[in-house]
Amino acid sequence: MRSVKMSFQLYLILLVTSVLAEKDKATTEPPIGQYFHWGEVDFQSVSLSWETEKLHSLLDAEITIKAVLTPGPGPERSTIAYLSDGEVTLDGLIPNSSYAVTAAVVRGKTTILELKKNIQTKVVDKSLIEKFFHWGPITAKSISLRWDLEGQDDLLDGVIQMTAVRNSDPTSKTTTSEPFSKGKATLDGLVSNSLYAVTVTGLVEGYKYFDFTENIKTLDTGHGKGGVARTGGFGITSVVVGLLFTCMALVLD
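According to mature numbering (1 follows the signal peptide of the UniProt record, and there is no 0), the stretch in the sequence shown is residues -21 to -1, 1 to 232, in order.
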């Protein structure tokens, strides 16, 4: 009987020792979350990298990164990679927008790690966008705009919206929109010889991707179809090709 009691006591001692060892191991081993590092947030992407040499036993696990527009509802974006890849980038985000981003490391059906981060995407550099757009022709009654389709993959399913507000009458507004894939749009029904603030907006899934504004003057009636009559910034510098040709003709005569 005594030997049984001693055996039971020995078993309890070993059990407690084992539990304490596991607890000590759990507290001394660093959490794997420290090996993951969020990268710079761009105007349409966010990246996450990790130290593969510290995660060698998990390299076959998958990592899913998902971004949800906030406040919702809104379009979600997600992508999957393996830990053996060392990094993952989630593209297709909307510029100048807030997202709740979640990264989950999963092996089989077990979630090993979940990271969360709130981000704000950058505003699109308008100077980079504007170079793809070309004004003209400008007439007495219309303002046209063309754009390059190449190099703008993120906008292929989007819409370009043009809105013109006459400076002399801010309540007067003319709007048109065209699929980005069309490559051009025209605002009709404008007043001749008038200065307009024309705003160009790129929409993707109904959300604003970018916008920029130019001051553009329609031609005077009688000068026919001319080139771009455009004013940039705060200074007014009109270039009216139809008028220029008329003056040249008078000089030559």
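By construction, the Cβ of each residue, glycine as well, lies at the ideal position given by its N, Cα and C atoms.
Exposed unless 16 or more other CB atoms sit within 10 angstroms - verdict on residue i
i      : result
TYR78  : buried
SER76  : buried
GLY221 : Only weak support exists for where GLY221 lies, its pLDDT of 38 falling under 50; the coordinates are left without a value.
ASN97  : exposed
ARG56  : buried
LEU169 : buried
GLN99  : exposed
VAL138 : buried
THR90  : exposed
LYS196 : buried
Element boundaries [beta strand (DSSP E), containing residue i]
i           : result
ILE98       : 89 to 99
residue 233 : The first residue shown for the chain is -21 and the last is 232, placing residue 233 beyond what the model contains.
GLU66       : 66 to 69
VAL84       : 77 to 86
LYS161      : Looking at the DSSP string, LYS161 is not in any beta strand (DSSP E), and its letter there is neither H nor E.
SER121      : No beta strand (DSSP E) contains SER121, which DSSP labels as neither H nor E.
Identity of the residue in the options nearest residue i by Cα
i      : options                          : result
LEU135 : PHE15, LYS161 and LEU169         : LYS161
LEU92  : GLY12, ASP39 and PHE189          : GLY12
LEU48  : GLU30, VAL102, ILE73 and TYR14   : ILE73
LYS120 : LEU198, PHE15, PRO149 and SER24  : LEU198
TRP114 : THR153, GLU55, GLU157 and THR165 : THR165
THR43  : GLY53, ALA60 and LYS152          : ALA60
ALA82  : THR89, LYS88 and LYS95           : LYS95
PRO149 : GLU129, ALA176 and PRO158        : ALA176
ARG125 : GLN140, ASP133 and ASP132        : GLN140
LYS110 : VAL102, GLU129 and THR200        : GLU129
VAL80  : THR58, ALA143, ILE122 and ILE117 : THR58
THR180 : ASP64, ARG145, VAL103 and SER28  : VAL103
ALA46  : HIS16, VAL20 and GLY185          : VAL20
LYS133 : LYS187, VAL144 and ALA143        : Before going further, note that residue 133 is Asp rather than Lys in the sequence given. Taking only the C-alpha atoms, the option nearest ASP133 is LYS187.
One or two residues paired with residue i in a DSSP bridge
i      : result
THR180 : GLN140 and ASP190
TYR175 : ARG145 and ILE195
Residue interval of the alpha helix (DSSP H) (run including residue i)
i      : result
GLU109 : 105 to 109
Residue i beta carbon near the ligand MG (any heavy atom closer than 7 Å)
i     : result
VAL84 : In the structure shown, the ligand MG is absent, as is every other ligand, since no ligand is present at all.
Requested in this report: Report the residue ranges of all beta strand (DSSP E) runs contained in full by the stretch 21 to 62; include only those spanning at least 3 residues, in chain order.
Outcome: 25 to 29, 41 to 49 and 55 to 61
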